[in-house]
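According to UniProt numbering, the sequence shown is numbered sequentially starting from 1.
Using N, Cα and C, we set each Cβ at its ideal position, and we do this for glycine too.
Below is one structure, written out as structure tokens; the observations come after it.
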Amino acid sequence: MNESPWHVRLAHWPGDEPALRQVRERVFVQEQQVPLELEWDGIDDQCLHMLAEDKSGNPIGTGRLLPDGHIGRMAVLREWRGRGVGSALLQALMQEGEKQGFRNMVLAAQLQAMPFYEKAGFTAEGEIFDDAGIPHRNMVWRKS
1 MNESPWHVRL
11 AHWPGDEPAL
21 RQVRERVFVQ
31 EQQVPLELEW
41 DGIDDQCLHM
51 LAEDKSGNPI
61 GTGRLLPDGH
71 IGRMAVLREW
81 RGRGVGSALL
91 QALMQEGEKQ
101 GFRNMVLAAQ
111 LQAMPFYEKA
121 GFTAEGEIFD
131 DAGIPHRNMV
141 WRKS
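Below, the structure written as structure tokens:
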């Protein structure tokens, strides 16, 4: 049996803040050119965070669940994309949301990521909008 080269775990703010920041700044600020002041919205201490790490404990992906059931800040380092890391992060966040009693979860998906979220059962709602210069569309998951 092959051991996975990565794992997902519950992360704690502020203890895991440096690892969470490292991933989000590489993906959103450096790669996607999101202004630093827009990335850090001051609500991370209110959110539940998931962190993906490689076998050596290096951070490779993250996502968060807000107290209102909104999933956000999903980010996987470029070199780890296409390996199931994002799917595992999303599933972990959705499981936590269900444990908290959310029957609906929402997110704002970048347009190119919509098929990824559709595979997890999210459906698009509303019009396309701009967030930090990147086109997004709201998506919702409803417990059946």
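When rounded, the separation of the alpha-carbon atoms in D41 and A132 is 12 Å. Secondary structure note for L36: its alpha helix (DSSP H) is the uninterrupted segment L36 to E39. Counting only runs of 4+ residues, the alpha helix (DSSP H) found wholly inside the region 28-98 occupies 36-39, in chain order. For P14, there is no enclosing beta strand (DSSP E), since its DSSP letter is neither H nor E. Taking 8 Å as the cut-off, the Cβ atoms of L65 and V23 do not count as close. Around L89, the same chain offers V8, M50, A52, G61, T62, G63, M74 and V76 as residues with beta carbons nearer than 8 Å, after the five sequence neighbours per side are excluded.
Going by beta carbons, F129 and L107 fall outside the 8 Å limit. Residues of the same chain with a CB within less than 7 Å of the CB of E96, apart from the 5 flanking positions on each side, are L48 and L65 in chain order.
The Cβ-Cβ distance between L111 and R137 falls below 8 Å.
In the three-state scheme derived from DSSP, where H, G and I count as helix and E and B as strand, P5 is classed as coil. With contacts defined as CB atoms closer than 8 Å, M105 and M94 qualify as a contacting pair.
Of the candidates E39, S56, E25 and I43, S56 places its Cα closest to the Cα of S4.
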